[in-house]
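Protein chains in written order, with my numbering: chain L, 2 to 303; chain X, 105 to 423; chain A, 2 to 371. For reference, the structure is listed below as structure tokens.
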Amino acid sequence: MAEGALAGFAPGPLGPRPKRPFAPKTIMLYGVLVVAALYYLMPLYVMVATSLKGMPEIRLGNIFAPPLEITFAPWVKAWDSACTGLYCEGLKVGFWNSVKILVPGVIISIAIASVSGYALSYWRFRGSEVFFTILLFGAFIPYQVLIYPIVILLRELGMFGSLPGITLVHTIFGMPILTLLFRNYFASIPVELFKAARVDGAAFWGIFLKIMVPMSLPIFVVATIIQVTGIWNDFLFGVIYAGTKNFPMTVQLNNIVNSTQGVKEYNVNMAATILTGLVPLVVYFVSGKLFVRGMAAGAVKG
Amino acid sequence: MESNIADKAVPAAPGGPPPDWLGRQWWGLRRNLVAKIATLPMVFTALVVFLGGTLWSIFYSFTKSKSLPVEKFVGFAQYERLFNTKRWIVSLENIAIFGICSLVFSLVIGFLLAALLDQKIRFENTFRTIFLYPFALSFIITGLVWQWILNPEFGIQQVVRSFGFEEFVFNPLRDPEIVIYGVLIAGLWQGSGLVMVLMLAGLRGIEEDIWKAARVDGIPAWKTYLIIVIPMMRPVFVTTLVLIAAGIVKVFDLVVAQTAGGPGIASEVPAKYVYDYLFARGNLGQGLAASTVMLLSVLVVLIPWMYLEFGSRRQQKHG
Amino acid sequence: MASISIRKLGVNYGPVKVLEDLDLEVETGEFIVLLGPSGCGKSTLLNCIAGLLDINAGQILIKDRNVTWLEPKDRGIGMVFQSYALYPQMTVRGNLSFGIRNAGLPKEEVDRRVARTAKLLHIEELLERKPAALSGGQRQRVAIGRALVRDVDVFLFDEPLSNLDAKLRAELRVEIKRLHDKLESNTMVYVTHDQIEALTLADRIAVMRSGLIQQLADPHTIYHRPKNLYVASFIGSPGMNFIKGRLGDGAVPSFMIAGAGTVDLKAYSAEEGGGLASHAGEEALLGLRPEHVILGGEPADGLAEVGKGVIDIIEPMGSDSLVWVNLGDEISVSSRQEGDTSLRKGQEVTVRGNIANASVFGDDESQRRL
Numbered sequence: 002m003a004e005g006a007l008a009g010f011a012p013g014p015l016g017p018r019p020k021r022p023f024a025p026k027t028i029m030l031y032g033v034l035v036v037a038a039l040y041y042l043m044p045l046y047v048m049v050a051t052s053l054k055g056m057p058e059i060r061l062g063n064i065f066a067p068p069l070e071i072t073f074a075p076w077v078k079a080w081d082s083a084c085t086g087l088y089c090e091g092l093k094v095g096f097w098n099s100v101k102i103l104v105p106g107v108i109i110s111i112a113i114a115s116v117s118g119y120a121l122s123y124w125r126f127r128g129s130e131v132f133f134t135i136l137l138f139g140a141f142i143p144y145q146v147l148i149y150p151i152v153i154l155l156r157e158l159g160m161f162g163s164l165p166g167i168t169l170v171h172t173i174f175g176m177p178i179l180t181l182l183f184r185n186y187f188a189s190i191p192v193e194l195f196k197a198a199r200v201d202g203a204a205f206w207g208i209f210l211k212i213m214v215p216m217s218l219p220i221f222v223v224a225t226i227i228q229v230t231g232i233w234n235d236f237l238f239g240v241i242y243a244g245t246k247n248f249p250m251t252v253q254l255n256n257i258v259n260s261t262q263g264v265k266e267y268n269v270n271m272a273a274t275i276l277t278g279l280v281p282l283v284v285y286f287v288s289g290k291l292f293v294r295g296m297a298a299g300a301v302k303g
Numbered sequence: 105m106e107s108n109i110a111d112k113a114v115p116a117a118p119g120g121p122p123p124d125w126l127g128r129q130w131w132g133l134r135r136n137l138v139a140k141i142a143t144l145p146m147v148f149t150a151l152v153v154f155l156g157g158t159l160w161s162i163f164y165s166f167t168k169s170k171s172l173p174v175e176k177f178v179g180f181a182q183y184e185r186l187f188n189t190k191r192w193i194v195s196l197e198n199i200a201i202f203g204i205c206s207l208v209f210s211l212v213i214g215f216l217l218a219a220l221l222d223q224k225i226r227f228e229n230t231f232r233t234i235f236l237y238p239f240a241l242s243f244i245i246t247g248l249v250w251q252w253i254l255n256p257e258f259g260i261q262q263v264v265r266s267f268g269f270e271e272f273v274f275n276p277l278r279d280p281e282i283v284i285y286g287v288l289i290a291g292l293w294q295g296s297g298l299v300m301v302l303m304l305a306g307l308r309g310i311e312e313d314i315w316k317a318a319r320v321d322g323i324p325a326w327k328t329y330l331i332i333v334i335p336m337m338r339p340v341f342v343t344t345l346v347l348i349a350a351g352i353v354k355v356f357d358l359v360v361a362q363t364a365g366g367p368g369i370a371s372e373v374p375a376k377y378v379y380d381y382l383f384a385r386g387n388l389g390q391g392l393a394a395s396t397v398m399l400l401s402v403l404v405v406l407i408p409w410m411y412l413e414f415g416s417r418r419q420q421k422h423g
Numbered sequence: 002m003a004s005i006s007i008r009k010l011g012v013n014y015g016p017v018k019v020l021e022d023l024d025l026e027v028e029t030g031e032f033i034v035l036l037g038p039s040g041c042g043k044s045t046l047l048n049c050i051a052g053l054l055d056i057n058a059g060q061i062l063i064k065d066r067n068v069t070w071l072e073p074k075d076r077g078i079g080m081v082f083q084s085y086a087l088y089p090q091m092t093v094r095g096n097l098s099f100g101i102r103n104a105g106l107p108k109e110e111v112d113r114r115v116a117r118t119a120k121l122l123h124i125e126e127l128l129e130r131k132p133a134a135l136s137g138g139q140r141q142r143v144a145i146g147r148a149l150v151r152d153v154d155v156f157l158f159d160e161p162l163s164n165l166d167a168k169l170r171a172e173l174r175v176e177i178k179r180l181h182d183k184l185e186s187n188t189m190v191y192v193t194h195d196q197i198e199a200l201t202l203a204d205r206i207a208v209m210r211s212g213l214i215q216q217l218a219d220p221h222t223i224y225h226r227p228k229n230l231y232v233a234s235f236i237g238s239p240g241m242n243f244i245k246g247r248l249g250d251g252a253v254p255s256f257m258i259a260g261a262g263t264v265d266l267k268a269y270s271a272e273e274g275g276g277l278a279s280h281a282g283e284e285a286l287l288g289l290r291p292e293h294v295i296l297g298g299e300p301a302d303g304l305a306e307v308g309k310g311v312i313d314i315i316e317p318m319g320s321d322s323l324v325w326v327n328l329g330d331e332i333s334v335s336s337r338q339e340g341d342t343s344l345r346k347g348q349e350v351t352v353r354g355n356i357a358n359a360s361v362f363g364d365d366e367s368q369r370r371l
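This is the structure in structure tokens:
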């Protein structure tokens with residue numbers, strides 16, 4: 002407590018308000034946050050710990066105990082030879098299927114949605130906003146209402162149970178949120194740029210490719226994040242439209258864990274679970290704030 | 105972020121006239137033709153898939169279609185049968201419990217975490233990253249890992265028993281009475297981080313001056329949150345609520361992975377009911393009737409929300 | 002009695018010092034304006050007085066009470082914010098009374114104070130409305146009311162008029178001044194970047210720059226005897242003319258314009274304790290406000306010839322015209338003339354300066370007025 006004995010100061014408090022580093026309020030604050038953080042981290046820890054144990058150790062210990070003898074055998078088995086119903090070829094099949102679904106799905110859905118969003122913000126025509134409103138409502142229609150009509154549609158197109166079919170489905174269901182995202186972003190670009198380009202003689206595609214796209218890289222990244230996580234994590238569309246041969250990783254994971262006959266190999270199951278989650282987790286940790294932005298936008302998709 | 109999307113897009117949507125500077129006649133029909141062709145995929149999706157598909161499903165929900173769609177109308181017979189099916193009633197009860205609890209708990213947890221993170225704390229980014237990472241994981245993964253954690257022989261129950269509490273019982277996944285709460289725990293773990301992010305964005309949107317004014321007025325922090333800040337965040341709450349609600353209706357993968365609807369039919373949900381009737385049981389009419397009921401329940405949430413969105417906008421215009 | 006007394010105040014954000022060793026004494030009943038560009042520390046200073054910002058060094062006394070560590074509500078202050086900061090979901094009455102109700106005042110007293118404040122600010126009819134239904138001016142009036150209702154006599158204003166359009170700003174400016182006159186022995190500290198507000202409202206102005214008070218004086222002094230080049234150039238619109246040159250080293254003080262003639266500075270009123278003589282031969286700047294630049298006419302007492310020039314451009318501004326004259330290749334000065342001036346572009350004129358009102362600034366680092 003500084004007394005104001007110094008020249009020019011009044012008696013009493015002087016200088017910064019004393020801070021108690023361990024005030025009860027501060028301890029409470031960080032205490033609650035740390036406990037909450039531990040709770041959120043717990044499943045990740047359990048997954049990893051379990052996947053590194055041998056089955057005898059799992060049967061003896063508890064799920065929270067760290068592995069005594071670390072083994073990577075469960076990971077190898079999950080990747081290479083775990084059984085999904087009839088086949089025992091591991092998750093790698095599903096992984097490559099997911100990649101085959103993911104790459105065209107992401108590219109095509111973003112290409113179409115960005116063009117639509119651009120047209121909606123700069124080239125409106127009679128009825129364009131009505132179509133857009135219907136599209137937005139589409140984001141809230143339960144998938145269950147639409148899955149059967151789409152089965153029929155794909156059958157008519159000869160795409161049911163094929164990679165092009167599942168790509169089309171992801172394009173369709175990604176469209177509302179992505180179009181909204183692009184439309185809003187393009188609308189925030191100063192309209193003078195568009196006018197200047199028009200005066201300079203550029204047309205629809207010229208303005209889009211030379212002006213809009215180069216100015217919109219962040220939003221393309223956000224859209225990519227939404228689609229990569231969304232398509233990778235999809236289960237429902239994969240199981241219905243992809244066809245048995247093309248089942249994505251999530252479907253195979255569920256088959257490995259939930260339909261094995263006989264003894265359950267929990268360590269293999271957990272290794273498979275982590276392997277399936279790796280792609281979105283990497284996207285998450287690498288993209289940081291952009292992921293937050295993408296998820297907040299993508300939440301509309303549900 | 106979220107409110108941003110809602111703010112911008114929804115009100116503008118209902119067919120306002122194109123801005124003057126576009127002057128349709130001036131630019132001419134030919135140029136607009138390119139735009140029209142470019143938006144064909146969107147128009148196709150909106151009209152054929154979303155609108156057409158919805159009408160198709162509603163239409164065939166009034167038929168006695170089995171594994172193939174047939175136009176033999178049976179009026180509301182499918183709906184009568186639906187509401188006389190125990191599994192559907194259980195599904196509805198489950199989704200009601202799951203839905204209400206998810207809404208309440210994720211809003212409370214999400215807001216509390218956001219409010220804690222908003223106290224100018226250290227390591228804010230680290231905490232936020234930890235709370236949000238489950239949202240990056242799929243429902244299948246969420247369901248499987250919680251199936252394992254709640255496993256009675258090896259999971260939490262066994263761990264607590266091994267500490268000497270031999271009688272301890274915590275076995276939600278095998279107990280029909282509480283199985284839906286086991287699913288709820290997993291769902292909250294996965295989704296509450298997103299709510300926290302939305303709430304944090306909302307809190308950061310409150311002007312600094314409001315907090316200062318409240319401090320000069322001598323309002324304690326908790327009271328400022330309760331009486332001033334939360335009411336100011338109403339749009340954020342409403343948007344979040346709609347997002348959670350829209351997500352709840354779609355709950356499917358989580359149940360498939362975690363409980364497969366069991367034990368028995370104790371954790372069935374409507375989305376799974378529809379899926380099973382469409383694809384496993386080959387009873388289209390029944391599945392489509394159930395999906396139509398799902399659609400109606402979404403509209404019940406959605407339409408008041410649209411109304412509120414427009415209502416609050418009219419108020420904000422003065423603001 | 003000093004109403005607010007700030008002693009050796011220091012604030013830093015990490016390694017960045019926002020305020021350092023700042024002293025300020027505000028008398029009871031005084032209206033003091035903190036003026037400066039954004040980032041000069043004026044709002045930081047105000048927030049420190051309010052207790053909204055933690056300080057790193059020094060002491061703050063309000064009405065001779067040491068409030069350095071007190072919460073804002075206990076400091077006996079009322080505050081008005083730039084963004085009004087009204088509670089949107091409460092009525093005007095709710096906004097006015099929220100703080101004092103929360104402090105536990107009896108209902109009759111709350112009602113009495115709200116009624117009195119509403120009457121004073123002419124917002125009685127608005128009491129049951131919500132802020133969203135008020136105009137900008139009405140909102141700011143309510144925000145002022147929220148400060149008044151606290152029954153304190155130190156008021157802090159943080160750029161209260163910046164969000165209003167020009168016309169409303171002028172109206173409310175007058176109203177704040179009237180309010181200051183009406184309330185007995187109240188002290189007001191007012192932050193703004195608008196020099197007109199500062200000149201019209203203040204008893205004293207503190208011109209701030211990078212955390213330091215450059216000059217603390219009454220508006221007249223600030224305008225006519227700016228302490229340094231910074232204050233001189235910040236105050237006044239249109240701005241002061243600055244002419245580069247060198248002080249003569251003869252017996253009579255004079256100023257030699259670089260590349261042009263010499264100006265006689267006999268009539269100059271120098272700063273106390275300085276004077277031009279001690280700076281003879283040094284580089285300097287001659288500062289003349291446009292109204293002190295005379296074009297044509299006859300020589301007169303106190304006027305010194307600056308040179309001959311050609312009128313380059315005339316900017317009519319309604320009541321006045323600003324006439325720009327080229328004195329040389331690089332030297333251009335502006336002169337305030339009547340709105341319907343008979344001067345024409347291209348005309349040759351003699352330029353004279355009102356030296357009694359001129360300022361000479363040293364061309365060293367401090368750029369002090371000599």
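Cβ atoms here follow ideal geometry from the backbone N, Cα and C, with glycine treated the same way.
Under the assumption that A:L277 contacts A:N242 (Cβ atoms under 8 Å), give the Cβ distance between them as a whole number of angstroms.
Not confirmed; about 19 Å, so no contact.
Given a threshold of 16 other Cβ atoms within 10 Å of its Cβ, counted over all protein chains shown, does X:F269 qualify as buried or as exposed?
exposed
Hey, out of L:V146, L:V252, L:R199, whose CA is closest to X:F243's CA?
Distances from the CA of X:F243 to each of L:V146, L:V252, L:R199 were compared; the closest alpha carbon is that of L:V252.
One or two residues paired with A:N355 in a DSSP bridge
A:L304
Here's a check: name, in chain order, each residue in its chain whose Cβ is nearer than 8 Å to the Cβ of A:Y88, leaving out the five neighbours to either side.
G95, N96, F99, P132
Mind checking if L:M56 is an interface residue toward chain X, Cβ cutoff 9 Å exclusive?
no
Name the one or two DSSP bridge partners that A:T193 has.
The partner list for A:T193 (beta bridge, DSSP) reads A:L36.
A:G100 versus chain X: which residues are under 8 Å apart at the beta carbon?
For A:G100, the neighbours in chain X by C-beta distance under 8 Å run, in chain order, V320, D321, G322, I323.
Assess, as a yes-or-no matter, whether the stretch 20-32 of chain A is touched by the stretch 219-226 of chain A under the definition of 3 or more beta carbon pairs within less than 8 Å.
Look at the beta carbons and you see the stretch 219-226 of chain A not touching the stretch 20-32 of chain A: under three pairs across the two are nearer than 8 Å.
Do the CB positions of L:Y149 and L:F209 come within less than 9 Å of each other?
no
With 16 other CB atoms within 10 Å as the buried threshold, where does A:E160 fall?
buried
Can the beta-carbon of A:G59 be found closer than 9 Å to that of A:K9?
yes
Give me, in chain order, the residues of the same chain whose beta-carbon lies closer than 8 Å to that of A:G260; leave out the 5 immediate sequence neighbours on both sides.
G329, D330, E331, I332
Would you identify the three-state DSSP class for L:S163, choosing helix, strand or coil?
coil
Which same chain residues end up closer than 7 Å to X:K365 when comparing Cβ atoms and leaving out the 5 residues on each side of it in sequence?
Strictly speaking, residue 365 of chain X in this sequence is Gly, with Lys absent from that position. Counting only Cβ-Cβ distances below 7 Å, and skipping sequence neighbours, we find V359, S371, E372, K376.
Answer with buried or exposed for A:H280, where buried requires no fewer than 16 other C-beta atoms within 10 angstroms of its C-beta.
The residue in question, A:H280, is buried, as its Cβ has 16 or more Cβ neighbours within 10 Å.
If the criterion is Cβ atoms closer than 9 Å, does the pair A:S336 and A:P300 meet it?
no
So which residues on chain X does L:L42 lean against when the C-beta distance must stay under 8 Å?
Residues of chain X passing the Cβ test: I234.
Any chance the stretch 79-88 of chain A sits against the stretch 142-151 of chain A, with 3 or more Cβ pairs inside 8 Å?
yes
Proximity of A:I206 and A:L23 at Cβ, strictly below 9 Å:
no
I need the DSSP call for A:T45, collapsed to helix, strand or coil.
helix
Can you grab the Cα-Cα spacing for the pair X:R128 / L:A198, in whole Å?
Confidence at X:R128 is low in this model, with a pLDDT of 48, below 50, so its placement is unreliable and the value that follows should be read with caution. Approximately 18 Å between the Cα atoms of the pair.
If we count Cβ pairs, one from each stretch, closer than 8 Å, do we get three or more for the stretch 187-197 of chain X versus the stretch 340-347 of chain X?
no
With 8 Å as the limit, tell me which residues of the stretch 142-156 of chain X have their beta carbon closer than that to any beta carbon of chain L; keep them in chain order.
A142, T143, P145, M146, V147, T149, A150, L151, V152, V153, F154, L155, G156
Find the nearest neighbour of L:W80 within the set L:L39, L:G91, L:I102, L:E70, judged by alpha-carbon distance.
Out of L:L39, L:G91, L:I102, L:E70, L:G91 has the C-alpha closest to the C-alpha of L:W80.
Looking only at its own chain, which residues have a Cβ that is under 8 Å from the Cβ of L:S288, when we skip the five neighbours before and after it?
V222, I226, G295
For X:A317 and A:Y191, what's the separation of their Cα atoms in angstroms?
For X:A317 and A:Y191, the gap between their C-alpha atoms comes out near 16 Å.
Are the beta-carbon atoms of L:F65 and L:Y46 separated by less than 9 Å?
yes
Please go through the stretch 295-377 of chain X and give each complete beta strand (DSSP E) segment of 3 or more residues, from N-terminal end onward.
none
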